[in-house]
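Take 6 as the starting number for the sequence shown in the numbering used here and just add one per residue.
What follows is one structure encoded as structure tokens, with my remarks underneath.
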Amino acid sequence: MGGWLAFYLYGELIDPRNVTWLLYENDPLQHYMGWHFFRRDEWQWPLGAMSNLASEVGTSIVYTDSIPLIALPLKLFHTWLPDPFQYLGLVMLVNLMLNAGIACALLQRCGVSQWAACLGGVLFASLPMATMRGLGAHGHEALSSHWLILLGIWLVLFHAQLRWSAVLRWTGLLAVAVLVHFYLFFMVGVLWGGWWLHAVWVRRAWRQPVDLRCGLFSAFLTPLCVVLLMWVAGYFHYGGDGGAGGGYGVFSAEILTFFNPFSQAWFIEGGNLVSLSYFFPGWETPVAGQYEGQAYAGLGGVGLLLLGGMMISRLGWRDSLQQWPTTLPWLLLLTLGMFVFALSDRIVLGYRIYELNFGHLLWPFSDILRSSGRLAWPLLYVLLVASVVLLSKTWAPKRQTWVMAVLVLLQWGDLHGWHQSVHDRLEARVNETAGGHLPYAVLQAEELNELWSTREQIIALPVENLADLRPYTWLAAKHDMTINVAHLARVTPNTIEQATRAERQRLEAGVVSEDAVYVLTSPAWADTVCRIDNMKCQFFEPVTVAWKLASPLNESE
């Protein structure tokens, strides 16, 4: 069912040879461009570094969000892979399948009957907080890898003791997570830290020399492995200032995020879809950036949470916790702590905001993790897993199965409009580009084809809006040119200003490069450059393309 949902949502986009639809995207285009440039660049150290994309900044595959876990090994097979080649659709297919499959396996490990666990996996696969991160929505494919969170929950619950096998499992999970996305790594890292404290401190590991050695070794080995992988992937290879530019308290979650199907995200505004839910619209929070913390559980998920709450009120807390691993309260505490961080210091309840102004006390996490709303996800998964398990402990297997089947039907019926919206939006983009139609005028200018193929670099300046560079980054990739600046994660205006300063000074002095095409994003700079001798200029809304004409041959030649 996870695979079926992926094929329905993404269809032809799963074909890795289908790339032109990306011209209508924002972040997915950045991810594809990062991989496209990276596969062509020479191997460097660190291995994830690249010098042809954002050549004046200095960056790596990490800062294009191109999933180093995939990009690094695939680069070894660059010459054998189709060209062009994108793996964004395949990532969504694999993630939705793994989200469903691992959720099902986790529920069975918790003692849920086979059919109820399978239906639980189907419900988990459809959670909007995973599909909203994918293509046709936010476009952060890596962030749909929620199976990493589920595996972290699994290890906390069922590998509580200090054993070398548990240490190796945690090290492997953290290594994979850090090569997928930093936010997911942080969530898994919090779970690992809680697991380690529980295993060493609560269980008094120092009483057993074997456990103490294992715990101390884990405390050094696991972080060391992770830091080494971060170095290899290119986390520390970035020439910008690295500032997040604020955002903590803006890209947060509201208290009732699990129950609110409305989002002010750009992909809902202006379309026919006004809510993720078919049955009720939800409410607009007073903080527009809280689409990052949007974690609506779906009607089936909400129903499951309510049933879980009813079971607790019926059985009582003590009976509800019976037969659970002793680490469950610890797991709830860890995920609740992340949820509180996700709320930030601007607590939103309905239409009200309560300003607490403690964000500066959480620095540097409040700066690095500015999209704090994402940290609400682990708590929802824990609550949903606990609710399914409570149903399994209260009702007979047959009744569990019927109840879960009803919840799954409610879930998919409630989210049908959302799924249809993503399907239609992406299908339209594929159809628009299938006949060779490209959305930017400069890409349709056949008279410039020779220009791109004879120049070595694109130099853009002063660049106030990186979205203006999309078609030119595409052209640079197509013609194996370098481009001086590009859309990257954590890029700031100060980074762009520094990266373009030397070239601006050269142009002010009337010095131009004959092997470059200039993309001038302001009328003032276009006027300055186009006055230089032998410069040819052509305007493509909203930028001016300029290049130096070849020197005329003298009479003897």
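Note that beta-carbon positions come from the ideal geometry of N, C-alpha and C, so glycine has one too.
Quantities reported herein were computed from a predicted structural model and do not represent experimental measurements.
Query: Once you ignore the five residues that flank valine 205 on each side, which residues in its own chain have a CB closer than 6 angstroms to its CB?; Result: Gly220
Query: Which of the three DSSP states is assigned to arginine 44 in this structure?; Result: helix
Query: Exposed or buried, valine 387, counting other C-beta atoms within 10 Å across all chains shown (16 or more means buried)?; Result: buried
Query: Could you give the residue range of the alpha helix (DSSP H) that holds isoleucine 107?; Result: 93-114
Query: Determine the burial state of proline 547: buried for a count of at least 16 other Cβ atoms within 10 Å of its Cβ, exposed for fewer.; Result: exposed
Query: I want to check one thing, is the minimum distance from the CB of threonine 500 to the heavy atoms of the ligand FMN below 7 angstroms?; Result: For the structure depicted, the ligand FMN is absent and the ligand set is empty, with no information on it obtainable.
Query: Quick one: Cα of leucine 480 to Cα of glycine 239, how far?; Result: 25 angstroms
Query: With DSSP as the reference, label serine 561 as helix, strand or coil.; Result: For serine 561, the predicted structure reports a pLDDT of 41, less than 50, and the residue's modelled location is therefore unreliable. The matter cannot be settled from this model.
Query: Under the DSSP definition of a beta bridge, which residues are partnered with glutamate 469?; Result: Per DSSP, none; premise fails for glutamate 469.
Query: Are leucine 14 and glycine 141 close, meaning C-beta to C-beta below 8 angstroms?; Result: yes
Query: Compare the C-alpha of alanine 258 against each of Met343, Leu74, Gln35 and Thr526 and name the closest.; Result: Met343
Query: Provide the residue span of the alpha helix (DSSP H) that contains tyrosine 188, from first to last.; Result: 187-202
Query: Classify asparagine 539: buried if its beta carbon has 16 or more other beta carbons within 10 angstroms, exposed otherwise.; Result: exposed
Query: Given a threshold of 16 other Cβ atoms within 10 Å of its Cβ, counted over all protein chains shown, does aspartate 419 qualify as buried or as exposed?; Result: buried
Query: Can you check the stretch 287-364 for any alpha helix (DSSP H) of at least 4 residues that lies completely inside it and give the ranges in chain order?; Result: 303-320, 322-325 and 333-348
Query: Taking the continuous beta strand (DSSP E) assigned at leucine 525, which residues delimit it?; Result: 521-525
Query: Kindly indicate which residue of Val127, Ala165 and Val193 has the alpha-carbon position closest to the one of leucine 155.; Result: Val193
Query: What number of angstroms, rounded off, separates the C-alpha of asparagine 559 from the C-alpha of arginine 511?; Result: Here asparagine 559 scores only 40 on pLDDT, less than 50, and its place in the model should not be relied on; the value that follows carries that caveat. Taking the straight line joining both Cα atoms gives about 27 angstroms.
Query: Tell me whether the beta-carbon of methionine 97 lies closer than 8 angstroms to the beta-carbon of glycine 139.; Result: yes
Query: From the DSSP secondary-structure annotation, give me the bridge partner or partners of lysine 553.; Result: Met540
Query: Are there 16 or more other CB atoms within 10 angstroms of the CB of aspartate 70, so buried, or fewer, so exposed?; Result: buried
Query: Compare the beta carbon distance of valine 62 and valine 490 with 8 angstroms and say whether it is the shorter of the two.; Result: yes
Query: Could you check the C-alpha separation between alanine 401 and glycine 287 for me, to the nearest Å?; Result: 35 angstroms
Query: Just verifying my parser: in three-state terms, what is the DSSP assignment at methionine 6?; Result: coil
Query: Since histidine 242 and proline 51 should fall inside the 8 angstroms C-beta cutoff, what is the C-beta to C-beta distance between them, to a whole number of angstroms?; Result: 5 angstroms
Query: Would the stretch 111-118 and the stretch 33-49 be scored as touching if the rule is three or more Cβ pairs under 8 angstroms?; Result: no
Query: Express the C-alpha separation of valine 517 and glycine 378 in angstroms, rounding to a whole number.; Result: 46 angstroms
Query: CA-CA distance, arginine 460 and leucine 554?; Result: 11 angstroms
Query: Report yes if the CB atom of tyrosine 188 is closer than 8 angstroms to the CB atom of leucine 148, and no otherwise.; Result: yes
Query: Using 10 angstroms around the beta-carbon of valine 411, count the other beta-carbons present and answer buried if the total reaches 16, otherwise exposed.; Result: exposed
Query: Give the DSSP-derived three-state secondary structure of leucine 86 in the structure shown.; Result: coil
Query: Among Cys230, Met134 and Pro133, which residue has its Cα nearest to the Cα of valine 181?; Result: Cys230
Query: Buried or exposed for histidine 186, going by 16 or more other Cβ atoms inside 10 Å?; Result: buried
Query: For serine 318, count neighbouring Cβ atoms within 10 angstroms of its own Cβ and tell me buried if that reaches 16, exposed if not.; Result: exposed
Query: Between the stretch 10-28 and the stretch 79-90, do three or more beta carbon pairs fall short of 8 angstroms?; Result: yes
Query: Would you call the CB atoms of arginine 357 and valine 292 closer than 8 angstroms?; Result: no
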